[in-house]
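Comments concern the structure below.
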Amino acid sequence: MCPSFAGVSFAVPNYTPHVYTLGIVSRMATTTAIRRDSPLLALSAVTAFGLLLGWATFTLHGTTPLLERATNSVSTWIIWTAAAGAVLRTARLAAWSGGLMMLATCAGYYLTAGVGDTAGTAAVWSVAGLAGGPLLGWAGWTVRHGRGTARATAGAAIAMVVLGEGLWLGLTLRYWGEAAVYLAVGALLTAALTVFLARAGVRRFWLCAVLAPLFAGAFYLAELLVLDGLIGSV
Numbered sequence: 307m308c309p310s311f312a313g314v315s316f317a318v319p320n321y322t323p324h325v326y327t328l329g330i331v332s333r334m335a336t337t338t339a340i341r342r343d344s345p346l347l348a349l350s351a352v353t354a355f356g357l358l359l360g361w362a363t364f365t366l367h368g369t370t371p372l373l374e375r376a377t378n379s380v381s382t383w384i385i386w387t388a389a390a391g392a393v394l395r396t397a398r399l400a401a402w403s404g405g406l407m408m409l410a411t412c413a414g415y416y417l418t419a420g421v422g423d424t425a426g427t428a429a430v431w432s433v434a435g436l437a438g439g440p441l442l443g444w445a446g447w448t449v450r451h452g453r454g455t456a457r458a459t460a461g462a463a464i465a466m467v468v469l470g471e472g473l474w475l476g477l478t479l480r481y482w483g484e485a486a487v488y489l490a491v492g493a494l495l496t497a498a499l500t501v502f503l504a505r506a507g508v509r510r511f512w513l514c515a516v517l518a519p520l521f522a523g524a525f526y527l528a529e530l531l532v533l534d535g536l537i538g539s540v
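Using this note's numbering, the letters of the sequence shown correspond one by one to residues 307 to 540.
This is how it looks when you write it as structure tokens:
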């Protein structure tokens, strides 16, 4: 029987419990997606991860050579910003997240270690993180979501960090064994990113392989001439 109003009958859809359930689930999924994509949640997540990474770097120091090098490393710190940037929705949010993650990582490390007389060093690393974090956050986003030649350039910037640290370990610290590992990993990362870009249809995908070693040289010189000098002066 159809209900009526003012003498006019109208039909009410006879939804089953399953339809109502699907509607509720759909609304819940939409709400969850909105919350997951919110800038506040993203920034909170990268901050928490950065603090954890900084804590792990200090805590695992001196345990085993593998764990120490895997955490106490410029490339290990900053490469996570690229990974975070790749899963975020906008380039601006990826850049902000990169800088914030690096600040949180420095804070996690020095708060665990106790700042003491290392406040100057902590400040230098924080500034370096603010310079490199947004760049790598943007690079991670651009490799996955960007367009044109910028994607190849961004891929080279990501590989640059690992290759550049390999140069630092070998040419400056004379740790040739570890340097060889980093250079090999950097070369594999460069190849993987180049193949990914080629399959994605990027026209000048080969620029990733060409620019990565050039960027790595610039990264090494920046560490040698700028970062190392600043740390030595504080």
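The beta carbon of each residue, even a glycine, is placed where N, CA and C say it ideally should be.
All of these numbers come straight from a predicted model, not from anything done at the bench.
By a C-beta neighbour count over all protein chains shown, 10 Å radius and 16 as the cutoff for buried, is residue i buried or exposed?
i           : result
residue 335 : Caution applies to residue 335, whose pLDDT of 40 falls short of 50 and renders its modelled position unreliable; the value that the coordinates give is listed next. Under this definition residue 335 is an exposed residue.
residue 453 : exposed
residue 386 : buried
residue 519 : buried
residue 532 : exposed
residue 478 : exposed
residue 370 : exposed
residue 381 : buried
residue 346 : exposed
residue 517 : buried
Beta-carbon separation of residue i and residue j under 8 angstroms?
i           : j           : result
residue 417 : residue 353 : no
residue 469 : residue 524 : no
residue 467 : residue 457 : no
residue 472 : residue 489 : yes
residue 400 : residue 444 : yes
residue 463 : residue 494 : no
residue 500 : residue 476 : no
residue 505 : residue 455 : no
residue 357 : residue 413 : yes
residue 349 : residue 432 : no
residue 492 : residue 465 : yes
From what residue to what residue does the alpha helix (DSSP H) around residue i run?
i           : result
residue 471 : 455-473
residue 535 : 534-539
residue 381 : 380-393
residue 368 : It is not in any alpha helix (DSSP H) - residue 368 carries neither H nor E in the DSSP assignment.
residue 427 : 425-451
residue 526 : 513-528
residue 509 : No alpha helix (DSSP H) holds residue 509; DSSP gives it neither H nor E.
residue 405 : 397-419
Short of 6 angstroms in beta carbon distance, which residues of its chain neighbour residue i, apart from the five on each side in sequence? Order them along the chain.
i           : result
residue 415 : 360, 363 and 364
residue 534 : none
residue 383 : 411
residue 529 : 474
residue 526 : 470, 473 and 474
If contacts are defined as beta-carbon pairs under 8 angstroms, then residue i and residue j qualify, I think. What distance do you get, rounded to the angstrom?
i           : j           : result
residue 408 : residue 438 : 7 angstroms
residue 424 : residue 537 : At roughly 10 angstroms, the Cβ-Cβ gap does not stay under 8 angstroms, so residue 424 and residue 537 are not in contact.
Below 8 angstroms CB to CB, which residues in the same chain sit around residue i once its five sequence neighbours on both sides are set aside?
i           : result
residue 502 : 449 and 461
residue 355 : 386, 390, 407 and 410
Can you list, in chain order, the residues of its chain with a C-beta nearer than 7 angstroms to that of residue i? Leave out the 5 residues immediately preceding and following it.
i           : result
residue 485 : 472, 475 and 476
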